[in-house]
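Residue numbers (the UniProt record's numbering): 1 to 66.
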């Protein structure tokens, strides 16, 4: 049985936006469907990358509307 590590990174860009990079395509699709992300996640060499929507902010436990 093979195990896959699914992790994500959340960081703040210099312009004040929060960006999420994740190896889990399904999780990023869920977050996009729930309008947590501005645009569709783009595939990069580190995983899928997207910017968090202006209506939400990111904390390790949950995302709240501003």
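Virtual Cβ for every residue (Gly too), placed ideally from N, Cα, C.
Keep in mind the model is a prediction, meaning the values are calculated, not measured.
Identity of the residues DSSP links to residue i by a beta bridge
i, result
"residue 22", "8 and 48"
"residue 42", "49"
For residue j and residue i, the rounded distance between their alpha carbons
i, j, result
"residue 30", "residue 42", "14 Å"
"residue 17", "residue 6", "23 Å"
Where residue i falls: helix, strand or coil (DSSP)
i, result
"residue 36", "coil"
Spatially closest choice to residue i from the options, by CA coordinates
i, options, result
"residue 24", "48, 56, 55 and 54", "48"
"residue 58", "40, 13, 44 and 26", "13"
"residue 11", "2, 45 and 19", "19"
Test item: CB-CB of residue i and residue j under 8 Å
i, j, result
"residue 37", "residue 21", "no"
"residue 40", "residue 32", "yes"
"residue 35", "residue 55", "yes"
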